[in-house]
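See below for the structure under consideration.
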Amino acid sequence: MDRHDELQLPQMSDLSLGATLQVERRASSDRMDKMMNSATLPPPPAPTSSFGFNPSGVPGSGTSQPIIASLPMELMPPGSAKKPKLLVLGMGYTGSRVALAFREKLGFSICGTVRSARAKLDLIGKGIKQVYFMDNGQLEIDSFRLLEDVTHVLMCIPPRPSADGVDSDSKDLVLEALHSELKKLSTLQWIGYVSSVSVYGDSDGATIDETAPLLAGTCRGLLRVQTEAQWLQSGLPVHVFRVGGIYGPGRGVIAQIQQGVARRIIDLPDKVFNRVHVDDIVNILLQSVALPNPGSIYNVVDDEPATGFDVVTYACGLMQVPPPSPISWADAEATMSAMGKSFFEETKRVSNAKVKAELGVAFLYPTYREGLAAQLAQEADDDILPASTSPHAA
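Just so you know, the sequence shown maps onto residues 18 to 411 in the working numbering.
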């Protein structure tokens with residue numbers, strides 16, 4: 018998933034997931050309520066969950082984390098008594114959370130790939146033993162061993178440009194490395210490809226859905242368009258998820274404020290975009306597995322596109338710290354990375370109506386307001402330090 022781009026389910030009976038044990042965390046809920054009331058903007062209504070699953074266990078979200086009593090039989094490999102098995106290609110910020118949710122929520126076995134020894138050790142410490150190095154499509158083990166008994170695949174590795182930028186004939190290295198073995202995999206039921214709303218380009222203020230033309234204007238977006246098409250045309254049971262700006266514990270605007278690098282750019286009032294809390298991404302993926310529809314494309318974004326200025330201001334109110342002084346785009350641009358600059362080149366108002374209608378999703382955090390408050394509450398409970406200054410790191 019791009020570092021710049023950075024869920025609720027139906028009733029329990031719909032998934033046949035068995036009984037749950039609801040655990041209330043009253044102290045955390047009280048703390049989040051206090052933060053919401055102290056913000057500079059009025060607090061929103063509490064989010065609801067039709068399914069009652071919060072993959073991060075974020076306190077104050079209106080849900081609690083259930084314990085699953087049994088595995089849904091429809092997710093079992095046909096003719097097999099084995100657990101379903103998820104392969105996560107790219108177990109980074111989002112991918113690792115998805116892996117843990119599938120294990121804890123659905124009883125999946127997990128395997129996955131990383132690029133660093135530190136990430137591998139961290140995942141092993143969380144009980145995920147089958148973690149392998151993969152970079153530029155090169156695996157430390159053969160693809161047959163990696164894919165053994167895999168029933169579900171989540172692809173989170175972003176495409177990389179060639180030395181010459183975007184090549185119309187370039188192939189996704191991961192798909193190229195695994196395609197032949199994936200085609201042979203009799204147990205395979207579902208593939209999720211995590212893409213980005215960067216495929217749409219600038220919407221010029223209009224609200225766009227999954228039928229909008231793909232007019233990507235950045236190298237990053239063009240690569241996403243190409244890679245999406247390759248996965249969709251692969252003959253595999255692929256589902257595409259076009260994700261907005263990801264935030265959550267340790268990531269996003271709160272981390273920027275904590276590190277003193279947040280900006281409030283005063284002269285870009287029309288530059289809005291949709292965000293999405295990592296917990297909502299996880300829940301949407303869980304729901305897609307329960308209601309698979311190969312070839313489907315879903316926008317994974319919240320209800321309210323907003324400017325960076327407004328989000329920083331609101332977050333500072335929740336944190337009870339003074340907001341950074343407004344600056345001009347010219348001053349901000351002078352100190353930005355190329356990736357940071359490209360983010361402000363486009364305006365996107367993206368609709369999430371399809372994912373709600375087809376997957377029955379009710380978002381945990383419909384806007385950044387609920388999501389930021391929940392993030393602060395979890396960070397306070399878990400003593401989380403900011404992991405990145407990027408508001409969209411995956």
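Glycine included, each C-beta is placed from N, C-alpha and C at the ideal position. Predicted, not measured: the structure shown is a model, and the values here were computed from it.
Cβ distance (whole Å) where residue i is taken to contact residue j below 8 Å
{"i": "Tyr-210", "j": "Glu-245", "result": "7 Å"}
{"i": "Ser-327", "j": "Tyr-382", "result": "Looking at the sequence provided, one finds Asp at residue 327 rather than Ser. 16 Å between Cβ atoms; not a contact."}
{"i": "Leu-103", "j": "Phe-125", "result": "5 Å"}
Alpha-carbon to alpha-carbon, residue j and residue i
{"i": "Pro-309", "j": "Asp-319", "result": "22 Å"}
{"i": "Arg-132", "j": "Arg-280", "result": "31 Å"}
{"i": "Tyr-149", "j": "Thr-130", "result": "5 Å"}
{"i": "Val-295", "j": "Tyr-264", "result": "6 Å"}
{"i": "Ser-144", "j": "Ala-355", "result": "With the sequence shown as reference, residue 144 is identified as Gly, and Ser is not the correct amino acid for it. Going from the Cα of Gly-144 to the Cα of Ala-355 covers about 37 Å."}
{"i": "Leu-285", "j": "Asn-291", "result": "16 Å"}
{"i": "Ser-160", "j": "Phe-360", "result": "35 Å"}
{"i": "Gln-392", "j": "Gln-275", "result": "13 Å"}
{"i": "Leu-195", "j": "Thr-330", "result": "45 Å"}
{"i": "Glu-227", "j": "Glu-321", "result": "17 Å"}
{"i": "Gly-267", "j": "Val-191", "result": "28 Å"}
{"i": "Asp-219", "j": "Val-289", "result": "10 Å"}
{"i": "Lys-137", "j": "Leu-239", "result": "30 Å"}
{"i": "Ala-272", "j": "Gln-337", "result": "14 Å"}
{"i": "Asp-166", "j": "Cys-128", "result": "10 Å"}
{"i": "Phe-412", "j": "Asp-398", "result": "Absent from the model: residue 412. The displayed extent of the chain is 18 to 411, so no value can be given."}
{"i": "Asp-287", "j": "Lys-200", "result": "45 Å"}
{"i": "Leu-212", "j": "Ala-116", "result": "First, the residue type needs correcting, since residue 212 is Ser and not Leu in the sequence shown. The straight-line gap from Cα to Cα measures roughly 17 Å."}
{"i": "Gly-77", "j": "Leu-389", "result": "The predicted model places Gly-77 with a pLDDT of 34, which falls under 50 and marks its position as unreliable, so this point remains unresolved."}
{"i": "Arg-120", "j": "Met-353", "result": "39 Å"}
{"i": "Pro-176", "j": "Val-299", "result": "21 Å"}
{"i": "Gln-395", "j": "Asp-348", "result": "34 Å"}
{"i": "Ala-370", "j": "Lys-122", "result": "25 Å"}
{"i": "Val-317", "j": "Asp-221", "result": "20 Å"}
{"i": "Pro-64", "j": "Val-293", "result": "Caution applies to Pro-64, whose pLDDT of 36 falls short of 50 and renders its modelled position unreliable; the model cannot decide the point."}
{"i": "Arg-135", "j": "Leu-164", "result": "23 Å"}
{"i": "Gly-112", "j": "Ala-118", "result": "10 Å"}
Residue i: first and last residue of the uninterrupted alpha helix (DSSP H) it sits in
{"i": "Asn-300", "result": "295-307"}
{"i": "Phe-258", "result": "Careful: Phe-258 lies outside any alpha helix (DSSP H), inside the beta strand (DSSP E) at 255-260."}
{"i": "Phe-360", "result": "355-360"}
{"i": "Ser-197", "result": "190-201"}
{"i": "Ile-271", "result": "270-275"}
{"i": "Ile-145", "result": "First-last for Ile-145: undefined, no H or E at that position."}
{"i": "Gly-388", "result": "385-399"}
{"i": "Tyr-331", "result": "325-336"}
Selected residue, minimal CA-CA separation from residue i, among the options
{"i": "Gly-277", "options": "Leu-240, Leu-232, Pro-339, Gly-124", "result": "Pro-339"}
{"i": "Ile-174", "options": "Gln-155, Lys-102, Pro-230", "result": "Gln-155"}
{"i": "Pro-341", "options": "Cys-333, Leu-192, Tyr-315", "result": "Cys-333"}
{"i": "Gln-304", "options": "Glu-375, Gly-109, Leu-190, Thr-204", "result": "Glu-375"}
{"i": "Val-270", "options": "Leu-138, Leu-117, Arg-386, Pro-254", "result": "Arg-386"}
{"i": "Ser-179", "options": "Ser-197, Lys-188, Gln-337", "result": "Lys-188"}
{"i": "Ile-282", "options": "Phe-119, Asn-369, Ser-345", "result": "Ser-345"}
{"i": "Asn-153", "options": "Leu-106, Arg-162, Lys-358", "result": "Leu-106"}
{"i": "Pro-230", "options": "Cys-236, Tyr-217, Asp-221", "result": "Tyr-217"}
{"i": "Thr-224", "options": "Ala-351, Ala-349, Ala-394, Ala-323", "result": "Ala-323"}
{"i": "Leu-205", "options": "Val-170, Ala-351, Thr-384", "result": "Val-170"}
{"i": "Pro-311", "options": "Ser-368, Ser-251, Gln-243", "result": "Ser-251"}
{"i": "Asp-139", "options": "Cys-236, Arg-114, Leu-123", "result": "Arg-114"}
{"i": "Gly-234", "options": "Lys-365, Trp-207, Ile-301, Phe-380", "result": "Lys-365"}
{"i": "Met-172", "options": "Arg-135, Leu-202, Ile-141, Met-108", "result": "Met-108"}
{"i": "Ser-368", "options": "Lys-358, Gly-357, Tyr-315", "result": "Tyr-315"}
{"i": "Lys-373", "options": "Ser-313, Gly-262, Ile-301, Ala-351", "result": "Ile-301"}
{"i": "Val-255", "options": "Gly-262, Ile-208, Gly-261", "result": "Ile-208"}
Residue i - containing beta strand (DSSP E), residue span
{"i": "Met-108", "result": "Here Met-108 belongs to no beta strand (DSSP E), and DSSP marks it neither H nor E."}
{"i": "Gly-129", "result": "126-131"}
Length-filtered (4 minimum) alpha helix (DSSP H) runs lying within the segment 151-184: 160-163
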